[in-house]
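Per the UniProt record's numbering, residue 1 is the first one in the sequence shown, and the count goes up by one each step.
A virtual CB, placed ideally from N, CA and C, is assigned to each residue, including glycine.
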Amino acid sequence: MHARSPPILHRDLKPENILISSSRELVSRFSYDAKPFDEEKNLPVVVSDFGLSRVMEKSFCESGVGSLPYVAPECWRRQYSGKADIWSLGCILYAMCSFNVDRSNVKVMFSECNNPTFTEKIMEEVVSFGYSMSFAQFVVFLLTVDPAQRPSATEALDFLMTSPEESCKPLLRLLI
1 MHARSPPILH RDLKPENILI SSSRELVSRF SYDAKPFDEE KNLPVVVSDF
51 GLSRVMEKSF CESGVGSLPY VAPECWRRQY SGKADIWSLG CILYAMCSFN
101 VDRSNVKVMF SECNNPTFTE KIMEEVVSFG YSMSFAQFVV FLLTVDPAQR
151 PSATEALDFL MTSPEESCKP LLRLLI
């Protein structure tokens, strides 16, 4: 989505809009060159519900959107870019790590992000859930409060590709 020209902003990424299937049928339906399906290496991921998505024709979007627990801080100022989707991905990964995916108990990151210990708390929590330090760093990287410092989709993939830890490789296979 973000690699297209002009990029497409989803603007409502949340767990409910990310479909993961172990079905061979889904793979063949979405690919033109059906290849053997290896469940160990390939897990089809499909992003759904593009009802709020927009083609990014300017530097910033200005309309308010998204589901509260996954909305980037800059969206409240109504001046955001594709990096708002990156923030949402960080929130999704955190919610999945903590098993708090349902709306009633998911942490609302934007309300906590101005706390000086925000980054450290997220790192500690992700590691305490049994994930590697490298993966925790990736989640925190996506949850960089300042959108100018937050990675683009390409930079996030580069981070995973250069990660020394094998625990990040399955996530990389999902995202490519």
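Backbone CA spacing between residue i and residue j [nearest angstrom]
i, j, result
"GLU74", "GLU112", "14 Å"
"VAL145", "LYS83", "10 Å"
"TRP87", "THR154", "14 Å"
"CYS97", "LEU89", "12 Å"
"CYS91", "PHE135", "13 Å"
"TYR131", "PHE141", "15 Å"
"PHE99", "LYS107", "11 Å"
"ILE20", "ASN114", "33 Å"
"GLU125", "PHE118", "11 Å"
"MET109", "MET161", "26 Å"
Distance CB(residue i)-CB(residue j) smaller than 8 Å
i, j, result
"PRO147", "ALA95", "no"
"ILE122", "LEU93", "no"
"ASP85", "LEU13", "yes"
Presumed contact (8 Å Cβ cut-off) between residue i and residue j, rounded CB distance
i, j, result
"VAL127", "MET133", "6 Å"
Range of the contiguous beta strand (DSSP E) that encloses residue i
i, result
"LEU19", "18 to 20"
First through last residue of the alpha helix (DSSP H) which encompasses residue i
i, result
"THR119", "118 to 128"
"VAL145", "That residue, VAL145, is in no alpha helix (DSSP H); it is neither H nor E in DSSP."
"residue 188", "Since the first residue of the chain shown is 1 and the last is 176, residue 188 is not available in this structure."
"CYS75", "Careful: CYS75 lies outside any alpha helix (DSSP H) and carries neither H nor E."
Cβ-heavy atom distance, residue i to the ligand SAM, below 7 Å
i, result
"TRP87", "This structure simply doesn't include the ligand SAM, nor any ligand for that matter."
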